[in-house]
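To start, the structure under review is shown below, and the notes come after it.
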Amino acid sequence: MSDINFLANQKNAPKKKRSDKGKEREIKWTNPDKNNVSYAKDSDNKKISGSKSGKFDFFGLLSFLKKKKNDKESARQEQPERYRQEKPKPVVGSAINEPAAPERNKAEEKKGHGFSLWKEKFPSVEKIPEKPAPKPAKKGINAKSNEKRAGRAAPKDAETENKKQWEKADILETNLIKGELASFFNWKKGILVLAVYSVLSALVVAGLYGGLLFWERQIKKEGNEYSSRIRDLDERVIKPLEEEAKKILAEQEKIKLAEYVLRKHIYWTNFFKFLEDNTLTEVYYTSSFSGDINGEYVLPARAKDFKTILEQVSVMRANDNVKKATVSGGSVVSSAGGENEKDDVGGVNFKLDLSINPSIFTK
Amino acid sequence: MSIINAQIKNNINIFLDRYFGAIAIITAVIVLVLGNLLLVWPKYKQIINDIESAEKKESLDYAKRQKYLNQLKELKSEYQKISQDDIKKIEIMLPQENNKEELLAQMENLISKNGFLLTDLRVEDVAAKQESSAGAAKGQSAGDKGLIVQAAKPGLNKVKININVVGTDYEGLKRLLGVIENNLRLMDVTNLFFDPEGRKSSLEMYAYYVDRLN
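Protein chains in written order, with our numbering: chain L, 1 to 363; chain E, 1 to 214.
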């Protein structure tokens, strides 16, 4: 960046190789006659170009000073011999004859190279007003001096002129606008690059998200497959077992009911056995029997005598299943006058009121 | 002023020129991080949660099914321990159908086989409502005392049978009662009338059947 060719119009001119620097430095002597001519020409050109640009030429007002200077220069040119007799000044650092620019010219160049060259290098940033057509030289001293200089320069050929300019470019191989260089950022390109980076990142995110979606779908698919496998297993294993279990449960229910019915099963034989076990041999039941399973009975019977009735009641009462055993009275039956064989026996007819525990039927 | 602005602009441009690569990378990283934080990570968490809940549900479901299957297998093995003869006996004890005609024939065979003369035989259904109303009318009945089999028991039905038998003395009555009591088809005699002089007896009893299951 710092190496800028300020003579852009001589880009194609052959550059001096840097390897020359390594060579033994030679002391060259300036040619003030020629240099002065060339610098004078440059300054004139600048003036002309300044006026051409259409800007206010402050230095144009001071042309009278230049006039003096030009007068001096012309005086010098008139006396070349005197200048040649002066001891030439050595120039260090260049292999080629390099004209030593006077101090004033350097300052001017620094001033001039600041913005004007910047503008030349980056013409797109600030509009450079179109240079108007070259105006005719101003009348007065400047015009005259120009004419004079033109008249003097005319005899020199173009080759010499170019060579001098080229030599001058080597002299200015330093960055004279350090820190003043404008930097430009290509916003379009930058935004485009940022957008590309962002889009690429977004694509990565989208890829990850897509991967997750794919994963989720796979998992759901696996879950559905698992569910379908479970359903198949149900159909093949659990359904038949369930059908079988229904039958088993029905049988179980039936077994429970059978158990219930059996628990409530009534055994009249228990009752008759109870009567047989708890009736005295001198007592027998004479008439029909009617009863249910409530345990309340009236049993018509005959005993030998009342004492036997008492004993019979006592026996009955002694049984744990008997709640109540009472006889309210009896009628004596004679042994001779009976119609039946039973009446022939004789004894006492009585009715035994008996209340027993109904559980006797189910034991 | 414009020179200062230009200088600032220039500095900015220099900064952008120098660090544009880093800025681009930082931008990309920000987009990546934000995208991951706002989109990828929540989705990932959601998927993980879904997987966990599904696994939990499936494991619970599996355990439940396994338990159910074990119960079914256990039930089947228990049922297989019961002999087929016992199952047939139970089937005879409590048939699934109320076949009155079959019951009539069975009673006749039972009485005549023991040398008694069957003079009358009636069979009638006992509805649960009738049973309950009869029980209420009786008041302190045997049913209340828990003796009579309740027809209201779910799945159990009763059939009332009345028989009149001739030619039975006391011993014969006892034998007849024993035959009825020990008959495989369960029947409970609830009322008994015995006239030893007339050698007659009347029995009121109940037989049972179950509703067709399944």
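Backbone N, C-alpha and C define an ideal beta-carbon position, used for all residues, glycine too.
- Secondary structure note for V298/L: it is in no alpha helix (DSSP H), and the uninterrupted beta strand (DSSP E) holding it is 296-303.
- Counting the other Cβ atoms within 10 Å of the Cβ of F15/E gives fewer than 16, which makes it exposed.
- Nearest in C-alpha terms to N182/E, of all of I92/E, G155/E, G115/E, is I92/E.
- Think of a sphere of 7 Å around the beta carbon of F185/L: the chain E residues whose beta carbon falls inside it are N13, L16, D17, in chain order.
- For I51/E, the nearest CB of chain L lies under 8 Å from its own CB, placing it at the interface with that chain.
- Not a single CB atom of chain E sits nearer than 8 Å to the CB of D232/L.
- When CB distances to chain L are screened at a threshold of 8 Å, the residues of the region 177-188 of chain E falling below it are L177, G178, E181, L186, D188, in chain order.
- Close CB contacts of L173/E within its chain, under the 6 Å cut and outside five residues either way in sequence, are with F194, S201 (chain order).
- Here D320/L is exposed. Its C-beta has fewer than 16 other C-beta atoms within 10 Å.
- In this structure, the straight-line span from the alpha carbon of S287/L to that of R317/L is close to 22 Å.
- Taken through DSSP and simplified to helix, strand or coil, S83/E comes out as coil.
- Flagged as an interface residue toward chain L: K153/E, by a C-beta distance shorter than 8 Å.
- Shown here for N162/E: same chain residues with a beta carbon closer than 6 Å to its own, the five before and five after excluded, namely R122, E204 in chain order.
- For N5/E, there are no CB contacts under 7 Å within the same chain when 5 residues up- and downstream are skipped.
- DSSP places Y208/E inside the beta strand (DSSP E), whose first and last residues are 200-210.
- The DSSP-derived three-state label of N114/E is coil.
- Taking F272/L as reference, the option from E124/E, L186/E, E171/E with the minimal CA-CA separation is E171/E.
- In this structure, the beta-carbon distance from I87/E to V165/E does not fall below 8 Å.
- Beta-bridge analysis with DSSP links A325/L to L354/L.
- At least one CB atom of chain L sits nearer than 8 Å to the CB of N36/E.
- One finds nothing in chain E with a Cβ atom closer than 8 Å to the Cβ of Y284/L; even the nearest lies about 10 Å away.
- The DSSP assignment places complete alpha helix (DSSP H) segments of no fewer than 4 residues inside the region 190-278 of chain L at 239-263, 268-277, in order along the chain.
- With respect to chain E, the C-beta atom of A202/L has a partner C-beta closer than 8 Å.
- The criterion of a C-beta distance shorter than 8 Å is not satisfied by F361/L and G330/L.
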